[in-house]
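Okay, so here's the structure we're looking at.
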Amino acid sequence: MTGGRTVTVHTLDAGAITIPEPAWCLGHPDGPAEYRTDVHHTGPEHRVDYAGRATLAAEPVAFPYGAHPVPPSVHVEILIPAATMDPPGLEALAAVLDEQAAEVRRLALRLAVLRAGGDW
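Letter by letter, the sequence shown follows residues 1 to 120 in the working numbering.
Structure representation (C-alpha cells):
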C-alpha cells in the first residue's frame, strides 16, 4: 500500500515527523501547517461537472494519525445547486447523475483494490 518512500512532514505540535507515504499521495505542504493528528494523505481528484448544475468531486484520502485513524478512503463532495428545469434539462441532469454514479462505482472498485494491498 505504500510506495516504499517516506517523507518528513513538519507539524505544529510534534515537530518534524517521518511517515510512510502511499504511492497515490500527491505530497504534503512544506511549512508547519498542521497538527500531527491532522496529517493526511490526499490523492488525485476526480471531477464530473454538468454546466454548473451538478458537480461530483472525489479523491482518495487517509488520516493515519487522527484520534480515530481513517484508513485509505474516498472523500466525496456532491454539489447540486437549486434549479428549475424543463423536461430536457431534467433528462440532461439525470444523464450526468448516471455518469457520476458510474464514477463512484469505479472509485469503490479502486478503493477495494487499494485496501487489499494493490495500487490506486
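Quick reminder that beta carbons are idealized off the backbone N, C-alpha and C, glycines included.
Rounded separation between residue 7 and residue 93 - CA only: Counting from one through the sequence shown, the residue named residue 7 turns up at place 7. Counting from one through the sequence shown, the residue named residue 93 turns up at place 93. Our two residues, residue 7 and residue 93, have alpha carbons roughly 43 Å apart in a direct line.
According to DSSP, residues forming a beta bridge with residue 75: The residue given as residue 75 occupies position 75 in the sequence shown. 59, per the DSSP bridge assignment.
Exposed unless 16 or more other CB atoms sit within 10 angstroms - verdict on residue 51: Start at 1 with the first residue of the sequence shown, and residue 51 comes out as number 51. By the 10 Å Cβ count, residue 51 comes out exposed.
At least three beta-carbon pairs within less than 8 Å, the stretch 55-75 to the stretch 83-90: Touching, no, given that fewer than three Cβ pairs across the two stretches are closer than 8 Å.
Buried or exposed by the 16-neighbour rule on C-beta atoms within 10 Å, applied to residue 72: Taking the first residue of the sequence shown as 1, we reach residue 72 at position 72. For residue 72, the number of other beta carbons within 10 angstroms of its own is at least 16, and it is reported as buried.
CB-CB length for residue 54 against residue 97, believed under 8 Å: Position 54 of the sequence shown, counting from 1, holds the residue named residue 54. Position 97 of the sequence shown, counting from 1, holds the residue named residue 97. Residue 54 to residue 97, Cβ: 7 Å. Contact.
Collapsed DSSP secondary structure at residue 34 in the structure displayed: The residue labelled residue 34 in the question sits at position 34 within the sequence shown. In the structure shown, residue 34 sits in a strand (DSSP, three-state: E or B).
Contacting residues, own chain, Cβ-Cβ under 7 Å from residue 16 (five flanking each side not counted): In the sequence shown, residue 16 corresponds to position 16, counting from 1. Closer than 7 Å at the Cβ level, and outside the excluded window around residue 16, lie 8, 10.
Residues that DSSP places opposite residue 20 in a beta bridge: Mapped onto the sequence shown, residue 20 falls at position 20. The partner list for residue 20 (beta bridge, DSSP) reads 6.
Rounded separation between residue 102 and residue 113 - CA only: The residue labelled residue 102 in the question sits at position 102 within the sequence shown. The residue labelled residue 113 in the question sits at position 113 within the sequence shown. Each residue's alpha carbon lies about 17 Å from the other.
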